[in-house]
Structures are given as C-alpha cells and as structure tokens.
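Number of protein chains: 2
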Amino acid sequence: MTLRVMDVTPWEVSTNNLDKEHKRLVESLTSLGNGYMGMRGNFEEYYSGDSHLGTYVAGVWFPDKTRVGWWKNGYPKYFGKAINNVNFAKVDIHVDGKRVDLYADQVSDFHLSLDMQHGLLTRTFTVHGVKFTVKRFISLAVKELAAFAWEVVAVDGKEHQVTFTSYLDGDVKNEDSNYEEKFWQVVAKDAQGASASLSMQTVANPFGIEQFIVSAKQTFAGDFVATEAKAQELDVYNTFTAEVGATAKYFEKFVVVTTSRDYSDLGACEQAAAQLSQKLAGQRFSALYQEHATLWEDRWRLADVQISGKEEVAIESQQGIRFNLFQLFSTYYGEDSRLNIGPKGFTGEKYGGATYWDTEAYAVPLYLALAKPEVTRNLLKYRWQQLPQAQHNARQQGLQGALYPMVTFNGIECHNEWEITFEEIHRNGAIAYAIYNYTNYTGDEEYLKTYGLEVLVEIARFWADRVHFNTRKGQYMIHGVTGPNEYENNINNNWYTNYLATWVLRYTLESLAKFARPDLNVTDAEKDKWQDIISKMYLPYDQELGVIVQHDGFMDKDLRPVSALDKSDLPLNQKWSWDKILRSPFIKQADVLQGLYFFGNEFDTATKLKNFDFYEPMTVHESSLSPCIHSILAAELNKEEKAVEMYLRTSRLDLDNYNNDTEDGLHITSMSGSWLAIVQGFAQMKTWNNKLSFAPRLPHIWDNYAFHINYRDRLLKVTVDAQKVTLNLLEGQELEVTVYDKPYLVTKELVVDFGG
Amino acid sequence: MTLRVMDVTPWEVSTNNLDKEHKRLVESLTSLGNGYMGMRGNFEEYYSGDSHLGTYVAGVWFPDKTRVGWWKNGYPKYFGKAINNVNFAKVDIHVDGKRVDLYADQVSDFHLSLDMQHGLLTRTFTVHGVKFTVKRFISLAVKELAAFAWEVVAVDGKEHQVTFTSYLDGDVKNEDSNYEEKFWQVVAKDAQGASASLSMQTVANPFGIEQFIVSAKQTFAGDFVATEAKAQELDVYNTFTAEVGATAKYFEKFVVVTTSRDYSDLGACEQAAAQLSQKLAGQRFSALYQEHATLWEDRWRLADVQISGKEEVAIESQQGIRFNLFQLFSTYYGEDSRLNIGPKGFTGEKYGGATYWDTEAYAVPLYLALAKPEVTRNLLKYRWQQLPQAQHNARQQGLQGALYPMVTFNGIECHNEWEITFEEIHRNGAIAYAIYNYTNYTGDEEYLKTYGLEVLVEIARFWADRVHFNTRKGQYMIHGVTGPNEYENNINNNWYTNYLATWVLRYTLESLAKFARPDLNVTDAEKDKWQDIISKMYLPYDQELGVIVQHDGFMDKDLRPVSALDKSDLPLNQKWSWDKILRSPFIKQADVLQGLYFFGNEFDTATKLKNFDFYEPMTVHESSLSPCIHSILAAELNKEEKAVEMYLRTSRLDLDNYNNDTEDGLHITSMSGSWLAIVQGFAQMKTWNNKLSFAPRLPHIWDNYAFHINYRDRLLKVTVDAQKVTLNLLEGQELEVTVYDKPYLVTKELVVDFGG
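So the protein sequences, as listed, match chains A and B. Each residue of the first sequence is one higher than the one before, starting from 1 at the first, in full-length UniProt numbering. Each residue of the second sequence is one higher than the one before, starting from 1 at the first, in full-length UniProt numbering.
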C-alpha cells in the first residue's frame, strides 16, 4: 500500500535512481519554498517524459468559474485556484548541439538530494560525456530570489560545447482549470545582453478579483558567455555557451520575482525586480547560498526534533519529522500576515484555496511552540481581517453571524460541494478554538480582548442561529452537517459539532464576562439565548454501550472493524462507490476522538479509552489529518503499538505515499501532525489552565528523542530516554513544569526519572 | 406567483398578444409533437428577440461528458442529452426586400393559437402591409412529416414582392452542453430546383454510443416560384418568390425527417427521406392536414375529459386537462417500444435523458386507461430490455441485482448528483410497481410470467443486498437514501423506500409462487432471506403522534406549516440556500403520502387522514409530481377545497407557470397527474384486486365532468353531475362495477344517484 522512492537518511531526501515511472511523486518530495514562492522538484532542463510542472507564488491566485453538475442555491461563483506561475527554472541544455533530455538520453551518475538542513536541492547526472551538478535554493535571505548553479565538467577526456538557454516561460497552465481556460497573459517582456524579464498578469475575471501581476527577471554569473537574448510571444530567453573540458565550468542563474501584492502596478513590479537584480550583480551562488543556509540552520536550532535508535525505523521516524517540519516551514514561517497555509503549499495545485481549518486545528499548536507568538497572532489576525467575508458567507446560507469558509483565498467561500460547503460547519468552531489555544498557550489575553472577541461573538451568533430547538425533546439540535468524518454527509447532531458549538458559546460568554466590548452590541437576550443553548444542547450518547455517539443514526449501522474488510477494499475512497462509503461504519478521520483531543481536559481517561476502543477500529485514516490525533490519544492511553503505527503514518505520509496521491503534491497542512504526535503524544505535553506539563512515553522503537518548545518567553529543550526525562531551560526565566503529575521548578536543567 | 400568458378557452391555447417578454414561455406552451419528433413554438421566420430554439427527434441523443465539481466513485461517465436537431422550420421572409422580424417590426393582427383538438398551430400577423397566416402540424399520419403553410395577402391595397427562403439548418446547439461542444456535424447536403436535403450525424464520442444520423428533406407546394437553391456549409435553402396583392397566395413547405434509428446508414436515411418526399409530391397541405386531424379526433374520442360549469374556473379546469393530455400524447402514444417519456418531451432540452421513474409512477396508470394494453406493455418491456444495463448500474454501486437508473436514454445511469444517482433508489420500486399495476389493471398475467418476473427478481435481489441488519434492534434498515422528497438527502429509513422495498420482496415471492421460473435461479436461501427482510423491516412510526415518520430524524426538525412562511420565501428552491431547505421540515413532493397512494388498499382511511393532515401542511409542491397525489388523497378524504387547489395546480402547472420554469419546456411526465386527479381523485376510480370501482365526488366549481376509460376490453364513459353518476358501456361485454361501495352489473348504461 505504501511506496518509498527516496532513501532513508536523517537529514536528506535522496536517491540515485532516475525514477521515470514515479517522476511526479519524486517532484513533490523534492519541492522547495521560502514562504513567498516555491516550486516542485521539476528538472530545469527539458524532460520529455511525464512531469507535473509547478511554480507558485504565495497569495497569487485566480477565481476559476465554478463547475458543478447541478447548481444549488448558495454555491459560490468561483473556486480560487493556486495557479501555476512563470516557469523561471526552465533551461535548455545542449551538449555539442544535442538537447539534454534525461527521459530519452543515456544517463549515468544520477543523484538527486534534498538537503533539509540547508534547503538545497542538488542533482548530478552525466550525459553525452559531460557531468552536470545542479544546485538550487529559494532564498530565505532574499524572499524574491531563486538561485540555480550548474557545475559542468567533461568526464570522457574530450572537449564539448555546452550551451544553456535559460527561459522565463509564461506559457504555463493549471492541469485542473475548470473550463480549460488560460489564467495568464504576458504583459511585458524584455531580453537584452545577459538578462531578460517577463511580466504576466492574470486574465480578467467577472468576480471583481484583483488581476495579479508577477514580474520575473533573470540574471547570470559564471564562466559561460552570452550569445543571444530574445523575447518571444510568451517567453524570454538568454543563451550562454562555453567549451567544457576536464576543468569544471560554472553557469549560475538568478531569478527575482516581484508581484503586485507588494508593488502598486506593472511599472513598480518591474522596477523592484530590476533593483533587486541590480543588488545581486557581481555576487556568486555560493555566497548567496551561505546566507540562505544559515537561516535554515537558525530555524532548526529552534525547531529540530532528534530521534535516535538502533533500528531502521528510528531513522525513518527521524527523517519523517524533519521532512514535515522542512516542508511546513518552506510553506509558511509567519512573515506575511496576508497569507495562510495552503493544503499543497508550493508543491502542487490540487484542492485550490490557501486557507483551510487545518491551520487552526493542526498548525497553530506547532507554530505556537516553534515560532514567536507573532506568527500565530498573524494566523489569527488573518481570520479577523476576513470577518466581513465570513459574515457574507453566513448570509449566503441565510444565517446570522459569521461562517468561516471551508476553502478560500480571500475569505469568501469558494468550495462547491454542498455537503462540505454548506454543512461542514464545524470548521467555524476551529477558528474560535485557535483563539482559545493562542490565549491559553501564550497567556497573552490582549489578542482575545482586542481582536478575538469580535470573531468569537460573530461565530457564536452563527451557532445560535444555526441550532434549532426541538420542542418535543426540549433540546437544541444541529441538523444537516458533515462532521470531521467526511465519510458521512448531511447528518444530524454530530457530537463533535454540537459539543464544539456549545463550547464556543461558553468560551464567548466567559470572555465577554472578562472583557467588556460594548461595541459588539451583544444584548442580554442574546446572552440568555446562548446560555439556554449551552444548557440544553443535545449531545448524543449511548447509555448501553457507554460511548459517545458520533451522530444520530451511527449506532444503527452495520458496525464492523476495518480489520473485517478485505485488503483489496482499501483505500475505500479509491475502491468503493461513494454510496457504499457513506452507508458503511468506516470513519475517514477522527471525529468523536477529535473532540476528545481538543477538549482533553474535559473528559477523563476512562471516557477517552472507551471511545478510543470503540471508534479507532472503524477508522480508515483516509484523511491526512487523522492519524496524528489517534497517535496522540493512543500515547496518552498507553497504547504504544497504535501510537507508533499512527506516528509513522502521519510522519511518513508523503515519504511513503500512504494515500497514493503524493504525486499531486505534499499534504502540507497535516505535516504538523507528526510533531503533535511526538510532543503532545509521546511526550504528553499539555498546557491546560496556564500550566505546562509533560508525561513522556518512549516508544520501544526509539532509544531517545528530543525537541524544543517556546513557551511564554522560554526556550525549553526536552530530552527523553529510557532512564530519564531532561528539561533544559535554554532561554528565559525559571518556570514551573509538571512532569508525571509532579510539579517542579525548572531553573536550568531538570532531570526526572523516566516514568516519574 | 403564477403567470398566465395564454387565453382560457376549452380547446385552444391562444393569444392576441405578441408577448416579447415571455417568448420562451409561449414557445413552450405552443409546442407540437407526434411521438416521433416535435418542436417548440418557435416562429419559423427570423426573430431578433430572445427565443429558445428547439427541434427534437425521439431517441436521438448525445452522451455529453459528465461535468461535476468533485468526482465521486460511481459517477456515470456521461450525461445523455436530448439534443436540438436540424432546424427544419426555418424560413426567412422578405417583403419588398425587407426581412420580416416580429421582434423589431411594426406588427398588427397578431394571433397565435394552438388547436388541441386537431394538433394544429396557427399564427397570423400583418407586417409591411401584408397579412400572413401560418399553419403547421407534425403529422400523426406520416410520422416523418412536418408541414407548414403560409397564406399571404396584401391588406394595404398595394402589390408586394414576397420571398420565402426556406432552410434546413444544421447549425444548431444545445444551450446546456457541458463543455460548450457542438453535438452535430453535417454529413451530406444537396439543394436543387425546388427541394433540398441535409443530413447530420452526431459527433464521435468516447463512450461507444451510436452516432445518430438524421436526414431531412424539404419540398414545396403553392403559388410561389422557385428562384434559387443552395447548399452552404451548415445549411441548405430554397428561395421562392411571388407578387402578392389582395388575392391570397399560398406557400407550403413539407419536411420529411428520417433517422438511423430506422434506417441502416446515411444512404438509407437519405433514400427513405427522398422516397417519402416523393410520395407527398403533388399533395397539398390541406389534405395532409385532414388525415392528421382525423387521427387527433380519434385519440380524443377515446380519451377526452369534459368538464363544465358556470365559473371561469371550470373552463380553466377544462383547458388544463386537455392541454396535458394533448402534450402527453404528442410526446408518447406507444408506437415505438424503444422509446420512453422524456421529462420535457419535444418542448425543451432541460434535464436530459428520456426515461424517468415518472413513467412508471404517473404515466402508466393513464396509458392503461386511455390506450390499448400494448402501449403500457411496451413501456414495461422497455425496462425489461434494459435489465442488463440496470444490473450494470447496481454493480457500479457494488450491489447485486438490478438498479434502474434515475435518468437514462439507454438504461445506463447518466445522472451525476450523488444524493440522487446513488441514493434516490426508491425509483427501483416504481419499476416493480408498474408491473403489478399493469397486471392488476389488465388482468393479463402473461407479461408478469414471461418478462415481469425476471425484472422483479433482479430488483428484489438489489433490495436484499441494499438493506442491512441492525443487530442491536433486530431489524432491517435502509440507510443513505433520498426519498421522493428530494428536499432531504442521505437520510436513513425513509418510510416510503423501506415500505416499497418490502412490498417488492413480497410481490416477487407471491409471483414466484404462482409462476415457476427455474431459469431465474432463485434459491430457497434467497427466498428465506427475502421473507426475513419482509418480517423484520423497520418502518418508522411515531407512537405519540400516531403518524408514519417520513424518515429517521424528521420528527426532530423544527416542524412548521408552509403557511408560517413569508410569501417571499417561496418557491424555496429559488429563494433559500440548499442548506436551509435541507434542514427545514418543508417537503418538496409527496413522500409518505406517495406511499399511501401507491398502497391505498393497505391503509385505512383514518391512517390516510392522520398522515395527510400531518404532512400536507408542510408540503411546498415544488416538484411537478406532487400536487396530483395530494389532490387524489384529498378527494378521497373529502377535502374538496384542497383537492381542487391541487387539481388546478397540477392541471395548469404550465399554463399558469406555477413553478416559474415553463420557459425551459413543459413538465411532460407530470401531465398525467391532472388526469389521475380527476379519475382516481374526484371519481375515486380504484382497481384493487381485479375489481373496478368508483365513488365520485363533484367539486362545487364544476357542474359536471365526464371521462372515458379502457378496462379489460371495455370502453366505458363515466359522467358525473350533481344528481347522478352515469356509466355508459360503449364497447365490450358487460362488467361488474362497484359504485359507492355497491356492486352493479353494467350492460349498457348504469345510472346511480350521486353519492350512492
């Protein structure tokens, strides 16, 4: 079921195999990004085999006209697509007039390696007697910069004429455009001497969405001589040539990309690109790389997780967590408050949109611990800024308050499956939960008071309008929802949704009691209504079985464990009709358990155990967001085997292609899950009620593990081995920490016996 | 909420108003057809205003590539579209060189009239000093023939040069093609002297669906002189001219249309069209019309329903039922067993497909009574022929047996909303019910034995696989369905579906007990399983309220009557978001009541009354199939006002544009509903257990009404007035009939006091 195409090493994702069959998968796994822009691991030079070209710039998108079979009232008018951008990596390489094509040519010495420690992609190959070593990075130091370097050397004792034709190619499209429209037009181009530039603008749209401009400029360094520069209809290029013998020669390409997100118009974009290119003039790849690599090292210093052990699985574990952190940070590091974390980051175009509830539910806890509070604050503020759009979304459904979208770029809902768009409204609770999470983790109540409350009140108003009162039963209910388990649609009284809605009302009332915000016009009648809903919400529970009921009717299903299925039935979403999936008891993704995770302090261990034992065997984890939650709970419940299984599944989801879809891009938003599984799962870090606590477990497959966290102005390193738990306070003032239920004061180093 | 654009008269649908604003609506209402082909009431000549061009040939369709936002496993690959065919009505008329255009020109004397008694559309208009009277019909006598005649006379005392350029135009498209593809290519054309021909073929498709060929040939008669003939890229034309003064001159156009459904290839189609045209040579419009009109009179002799009364509403009632019978017979009169009754007939392209469960549920009872048994037998055999495709459909869902499609041309499901395609499986029960209906009505068990049982067994196998056993409750359940009320999706235990499924198993077992069919390989184990399901099926019922429960969870809704809504909320499907509709208690279409109608003999009056009173107030009737069922039950329950309201709604649905969508075409398949409302409703005709009975009601808005029925080789006329019920046996042997619960023998005429 899994497929592993890259070698297992602690810091690299590499292979010596030119894998033509799984090219797209390899491209996904070797993606690079710097939060501003990024690209899949496409070869720079011509490749005649199958490949999925993808270069993306954050926040640059296109509203693609909605495509549905049957229109339903409330559907959004467009679907926001992450669009394939100017292909700035493109080169044609000729050796003695023969165009290099690794698909068709005889290739030796192939090696491909992503250095996660430094954010560098290196590739070597020998073709036509010439060995090429290509390196590239997307700079952390200069966000607009992508840099490429080729080392070229003849290995057959002969001299060869090698030419590079380097393009900025505007002739790009998305594989998944709804009506096969082009999203781009070229609006300016220039090619002279040893540089060229190309500006593109998204085509006009009828939805009033900004037509983004992207300007790219390429300059060069090294030993090759410029011979031609040309601007064509949809691209520009510069050609360079050199005679190459046994002494290595270098060809270096620098691309600067600016956009109308940062500059006012085409002229300003072009000018900024030119100025940035000017600054780089005379610099070489190696120096630019050094600046970049140092910043990656800084990130790792704060965030690295170390795992060691004698078994191969320990290295798999190690590589998995680093890969996920690397790709997550490549996608988002909190520099731009207008951005969020797209499901594929810069690694693919699928799903569209750039903002999912995944951010709030799965990514926020990681950024809280691994980055400065400002980063998470930016993520929260992003939602606050989009409150008017969320209000619009609620109105579209005929409801009060605010409904945050399932998928969006600009805050307006753009997803178009009614069972998701209209019904998967638990997402709205996650937005509120993140405000709580930030406040509780950081202890900073200022955000809640100033911004958060406004969001909370509008979400509360949504829930208060969305529930209905069942007069006969004297209880409030929420009908017609899809819970986190998307293998059920249009269900009634999803426990998770009902519980979360009630919690939102509760937290909002508590917060309003703390901080007066008369400007929000919350009336006493509203508060009374909310209180009434809190006290009379229906929360399905099965007395006989003693478990929470996922939703009305779930217990009437033909309940069976996944183990009762034939292996050939999995994954269900590829093997079964949708109808059969919906009727089955099989759960795509943690649902009741997601609630027990979110509100872990409101349920006792016996309840968690009972529900875990009931729901886990029916869960197929066909959402990338599922295994981490199960791993965390399994660790808490001392189910080591399950916790490890789920950890490997979440941490190596892409590296081992568990869901058979990584060729479309990486599962960026779920990548935080592997970190959560280690820190909140194995180490049992909890932060309830302003208290930091740990109760580390050590899975037998590891000898030890260590990680860092930021917590209220401290930098703490936690190391767990078979003998002891060590807490090192690397920065900040002394801190009370509970370890295995006992309170300690950590001043510099605290050592507690393993198991307490 | 309603919109009436045509005058109210007993036998016509006419207007003196050239209604440019509602042109599409008028076009729908003046459609003509003969079961083989038909067209909307488009003007023949050029019209620069809005119009919806539509000419259709039965059984000629195109598999349009499925369009959905998100693919779900099990979706069909294509959606079968009724395609706009060669525009054979087209003419350009010039008066003294000026092209006639009723949208732009000064027009007087406008009159438009559909004569339902004779199937003739007449239009008069005066423009540029010339009065035109256009007549057209689609022949019942020669199915391939469409005939047009223009009477032209100058009314301004001058002479005018009038030219007609008559086209066969192959440049047609569907308004709703999924990817804006053309469905047709012109494959042969010829224009010489006073005739022209054009052949078109549907373009290639990747689904293995036949590429249909349609050949059209036009010939002419009358006083005009041919001046030009020409074949262009996508059309052919003949031009005729005459000087017209105070003496009327005539221009007549005859079009013959043949298809590859009847002829083997292009050559054969062309040859057949030529031969048919040859036969018509020398004939005039008036004689051809006479043959045609006589056949319409024959149809009415067997089928007419007469309603009279002093109030306008009686004429409205009269016109309504005749309009519906006229359009229904124009669509289908049982001549071709390869055809079925499409939702829009020849009046529009919307919905696609040509076969819906509407046929079995609503049309079969009408055809049983108004046509020879062969007609209904043909409708049933149509499904029998498509059993392999129905088995394919079941396999697509991973199920055994046969699943008849929601929408199809060829038996393969082509609809693509999961909540309908995968879930609205009650349709499968209606297929079985029609077999029962035919057998019970005609007394002919031969069909059941020879063909019907095979279908029943496969449908029974489907249900037996589709249910699941709820171990805890010890009952069988059916999860994940959409009932007839499509304002609920993915519900559990829809009472109608559960009851119908059980009934199918029961009827199949009974029939198998009667007729041995060892070739169907029904094992004892299967029969035991079916029996077990019958005895343990869960049928939701609310003890406290004493009503059947539409489905699990329905009673938990915020139950309110439609009358509690603001008028501006209606129709819900145009005013509310889908989400709000789904959560509401409002019912699109009879659901529980549909079951009480189907199985009227299995429920007592008290049960019907209780459930009618409960569900009717929540029903919005936004399906055209709903009001008739409510009218029938209301009549039975002596709720005259409701019965009349629902009768008018069903009988004048299109004439008064109740659902604000008649511009897209007429609601053909629901047109039988108004007849059912009269015969099964007001007259309370029932045929349970091989016994014919009546218990007529007379709504106070009518003085009397009369209708005919075929029943077991008899032709019976039933006349109801305030004093008496009269049964006239017009054909066939004496017959036992129950009237107001008393048995009578009808030999020639039976008169029973009104009310018994």
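Glycine included, every Cβ here is placed at the ideal spot set by N, Cα and C. Only a predicted model underlies this, so the values are computations on that prediction, with no experimental measurement involved.
- Secondary structure of B/V153 (DSSP, three-state): strand.
- Taking all protein chains shown into account, A/N174 has 16 or more neighbouring C-beta atoms within 10 Å of its C-beta and is therefore buried.
- For a Cβ distance threshold of 7 Å, nothing in chain A lies close to B/V720: the least Cβ distance comes to about 43 Å.
- Annotated three-state conformation of B/E180 is coil, per DSSP.
- Per DSSP, the continuous beta strand (DSSP E) segment holding A/L715 begins and ends at R714 to D721.
- In this structure, B/L539 lies away from B/D465, with their beta-carbon atoms at least 8 Å apart.
- Residue pairing for B/M200: DSSP places it in a beta bridge opposite B/V186 and B/V214.
- Close to chain A, meaning a Cβ-Cβ distance shorter than 8 Å, is no residue of the segment 660 to 671 of chain B at all.
- Per DSSP, B/Q275 is one residue of the alpha helix (DSSP H) stretching across L266 to L280.
- The Cβ atoms of A/K588 and A/Y487 sit closer than 8 Å to each other.
- Restricted to the segment 76 to 142 of chain B, the beta strand (DSSP E) segments that are unbroken, complete and at least 3 residues in length are 78 to 82, 91 to 95, 108 to 115, 120 to 127 and 130 to 138, listed in chain order.
- Judged by DSSP in its simplified three-state form, B/P63 adopts strand.
- By the C-beta density criterion, A/W530 is buried, having at least 16 other C-beta atoms within 10 angstroms.
- When beta bridges are read from the DSSP output, A/F469 appears opposite A/Y476.
- Between A/L120 and the set A/N34, A/S631, A/T619 and A/Y78, the nearest pair of CA atoms involves A/N34.
- For the set B/T442, B/F707, B/L653 and B/T259, the Cα lying nearest the Cα of B/S28 is the one of B/L653.
- In this structure A/A501 does not touch A/E458 by the C-beta definition: roughly 14 Å separates them, more than the 8 Å allowed.
- Within the same chain, Cβ atoms closer than 8 Å to the Cβ of B/R24 are found at D50, S51, H52, E663 and D664, the five residues on either side in sequence being excluded.
- In the DSSP secondary-structure assignment, B/M39 is bridged to B/L32 and B/T55.
- The three-state secondary structure of B/F603, taken from DSSP, is coil.
- Proximity of chain B to A/L582 at the Cβ level (cut-off 9 Å) is accounted for by W418, F422, E423, H479, G480 and N490, in chain order.
- For B/Q192, the CB contacts under 8 Å within the same chain, skipping 5 residues up- and downstream, are A229 in chain order.
- Interface residue (Cβ-Cβ distance to chain A less than 8 Å): B/Q271 is not classified as such.
- The C-beta separation of A/S672 from A/Y382 comes to about 17 Å, leaving the pair out of contact by the 8 Å criterion.
- In this structure A/Y438 does not touch A/L520 by the C-beta definition: roughly 19 Å separates them, more than the 8 Å allowed.
- As far as DSSP is concerned, A/I533 takes part in no beta bridge.
- Under the criterion of beta carbons closer than 8 Å, A/T227 and A/T239 qualify as touching, at roughly 5 Å.
- Beta-carbon to beta-carbon, B/T359 and B/L379 are separated by about 6 Å, close enough to satisfy the 8 Å threshold.
- A distance below 6 Å between beta-carbons, with the five flanking residues on each side excluded, links A/V95 to the following residues of its chain, in chain order: H128, V130, H160 and V162.
- When CB distances to chain B are screened at a threshold of 9 Å, the residues of the segment 66 to 86 of chain A falling below it are T66, R67, V68, G69, W70, K72, N73, G74, Y75 and F79, in chain order.
- Within the segment 376 to 402 of chain B, the residues whose Cβ lies closer than 7 Å to any Cβ of chain A are, in chain order, Q396, Q397 and G398.
- Counting only Cβ-Cβ distances below 7 Å, A/S577 has contacts in chain B at N73, G74, Q396, Q397, G398 and F422, in chain order.
- The Cβ atoms of A/D101 and A/Y47 sit closer than 8 Å to each other.
- Put simply, the CB of A/D92 is far from chain B, with every gap to its CB atoms at 8 Å or more.
- Counting along the chain, the unbroken beta strand (DSSP E) around B/H708 starts and ends at N704 to Y711.
- Against chain B, the CB of A/G222 has no partner CB under 8 Å away; the residue lies outside that interface.
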